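Below: one structure, written as structure tokens.
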Amino acid sequence: MSNGDEEPDAEKTEAAEGSSEPPEPADPEPFAERLDDAADAVDRAETEDDLDRVETTLDEIEADLEDAVFAVEIEDEPEEAEEDEADEAEEDEDEAEESEEANPRDEFEDRLDDLRADVEDQRGPYRQDVTDALDDAVSTIEDSEWTKEGANSVVDAVGKYVERAGDTLEETFAYDAETPADAAMALASVKDAVNETPLDPDDDAGTIDALLVAAENLSSDLDDAQVWSDLEVREQLRREGFYDVLDPETRKDFPPEWSAIKLYEKAGEFEPILSAMDKLDSDFMEDNILDSIEHEAPTAAYEPVHALAQRRNKQPVRILGRIADERACDTLADFLGGGDVGLEQVSLRALGAIGSEESTEPVAQRLAADDPSIRSAAARALGMIGDTRAIEPLGDVLDEDEDDSVRASAAWALNQIGTQEALETAAKYADDRSYIVQVEAEKAAGV
């Protein structure tokens, strides 16, 4: 019940809102000109200070863009109540045409992003880029189990880098390493020397670049050196032509398998990726292969992904849902009710994506879960499955569940099932106390 003081405040608010004038639309042309000038400044930039000034300019443009309101973003005044139906229809058509007009904000934001990327591309190289590359090389040497031939290659590769770094910095670094461990220590000393050398990204760009190129060559040499753990695997992949997709530039990346997988993913060729998945056993490569196949989710990936999903890892479970092979349903149903909320949510979504009516019963049972997020996910999964047997339990959720988000999911699911009975069940709640439930119910009622 409202008291006597509330209504005047409401009336004042409505009056204030009714009297507000639309903002003056901003002119897009000055923004376009400022962005053109910024692009020219990026092209002319020769120093880090120049790039810093461009960055400041971009920040100012972005701030002004956030404050601006363009004509396409300004809503028209409400139509007068006395307008006839013909005028309203004509106005609706005009509004539809206006809504299709391009918003200059989108173009300006894209240009800002591109210019910021251009600024970053022009920065550096920096001394830290060199020391980071050397840190990676030291870690590779220390963490790898080298074959005899590989150990000799490591010692020689580090020796070449030490000599090149000495020539570049006009210093002499002692190097008498006989083992990879010795080579790692010597390389760490060179890294410390580089780190202590004052190298300005503008004045010493040539020196930094020479050190960085030498470090990249070292990384490539280490990549080519043999280690026991991957000798047989790489030989198998080589004979299969797995590395043929690499060119001299991409072969420098470590590990080369990662580069090859990304190239195969881009080309939509998943057979080589799945072959590598079967042979490579590192967690790093497993994660990257899963990332590569998740978007397309080729059916040929079912067996290896299903094996990984049985470890209760969420990403393979998601991929099983995208593959949509009904053989996965029993495995996914086993993950329901186990106490891992995140895993159960992903499993319910996967079961919904697969859409097998055999999953209706185990999914419907989770409508009684304690966690509302589980109940909501179960309701949506039932909607995706589309089994009419779910209409009654979903109706019960709408009637009895205390969480409105769960009830809204149930109404959404009934809309997805789409039969007359399902729509009528949801439509009963078109006047529901909860707005999110009401929205879904109105869809069912055709409002």
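Heads up, the numbering used here is the position in the sequence shown plus 220, with the first residue counted as 1.
Every residue gets a Cβ at the ideal spot worked out from N, C-alpha and C, and that includes glycine.
The structure presented is a predicted model; accordingly, all values stated were derived computationally and were not measured.
Taking C-beta atoms as the reference points, ALA529 and PRO536 count as a pair closer than 9 angstroms. The beta carbon of GLU369 lies closer than 7 angstroms to those of GLN446 in the same chain, with the five residues before and after it left out. Here VAL617 carries a helix assignment [DSSP, helix/strand/coil].
In the three-state scheme derived from DSSP, where H, G and I count as helix and E and B as strand, VAL447 is classed as strand. Around the beta carbon of ASN508, 16 or more other beta carbons sit within 10 angstroms, so the residue counts as buried.
About 5 angstroms separates the CB atoms of ALA371 and PRO400; that is less than 8 angstroms, so the two are in contact. Burial state of THR276 is exposed, judged by a 10 Å Cβ sphere holding fewer than 16 other Cβ atoms.
Residue range 522-529 is occupied by the alpha helix (DSSP H) that includes TYR522.
It is roughly 17 angstroms from the alpha-carbon of GLN640 to the alpha-carbon of LEU602. For VAL626, the number of other beta carbons within 10 angstroms of its own is at least 16, and it is reported as buried. Between the stretch 322-333 and the stretch 342-350 there are fewer than three inter-stretch CB-CB distances shorter than 8 angstroms, so the stretches are not counted as touching. Short of 6 angstroms from the beta carbon of PHE328, and not among the five residues preceding or following it, lie these beta carbons of its own chain, in chain order: PHE251, LEU285. Residues SER439, LEU442, PHE474 of the same chain have their beta carbon placed closer than 8 angstroms to that of THR360, with the five preceding and five following residues left out of the count.
Around the C-beta of ARG454, 16 or more other C-beta atoms lie within 10 Å, and the residue is accordingly described as buried. Only residues of its own chain outside the window of five on either side were considered, and among them ASP624, ARG627, ALA628, ALA631, TYR649 have a CB closer than 7 angstroms to the CB of VAL657, listed in chain order. Between the C-alpha atoms of ALA357 and VAL378 there is a straight-line separation of about 9 angstroms. Going by C-alpha positions, CYS549 is about 33 angstroms away from ALA665.
A straight line joining the alpha-carbon of ASP263 with that of GLU391 spans about 36 angstroms.
Secondary structure in the stretch 237-287: the alpha helix (DSSP H) runs of 4 residues or longer, each lying completely within the stretch, are 248-264, 268-287 in chain order.
The closest CA to that of LEU457, considering only GLU491, PRO248, GLY606, is found on GLU491. DSSP places GLY666 in no alpha helix (DSSP H); its state is neither H nor E. For LYS648, there is no enclosing alpha helix (DSSP H), as DSSP marks it with neither H nor E. Between the alpha carbons of THR367 and THR427 lies a distance of about 34 angstroms. A buried status is given to PRO582, since no fewer than 16 other beta-carbon atoms sit within 10 Å of its beta-carbon. When ASP616, GLU577, ARG609 are compared, the shortest CA-CA separation from GLU546 is found for GLU577. For PHE504, the uninterrupted alpha helix (DSSP H) segment begins and ends at 503-514. For ASP591, the closest alpha carbon among the candidates GLY557, ASP423, GLY572, LEU618 is that of GLY557.
One alpha carbon belongs to GLU469, the other to VAL433, and they sit about 12 angstroms apart.
Closest in C-alpha terms to GLU506, from the list GLY638, ASN533, GLU516, LEU643, comes ASN533. Its chain contains LYS534, VAL537, ARG538 as the residues whose beta carbon lies nearer than 7 angstroms to that of VAL566, once the 5 sequence neighbours on both sides are disregarded; these appear in chain order. Excluding residues up to 5 positions away in sequence, THR427, ALA430, LEU431, ALA434 lie with their Cβ nearer than 8 angstroms to the Cβ of THR388 in the same chain. For the options ASP607, ALA406, ASP616, the alpha carbon positioned closest to that of THR580 is the one of ASP607. Counting the other CB atoms within 10 Å of its CB gives SER364 a total of 16 or more, which places it among the buried residues. If you draw a straight line from the Cα of ALA394 to the Cα of PRO476, it is about 31 angstroms long. Burial is judged here by how many other beta carbons sit within 10 angstroms of a residue's own beta carbon; GLU266 has fewer than 16 and is exposed. Bridge partners of TRP632 according to DSSP: none are assigned.
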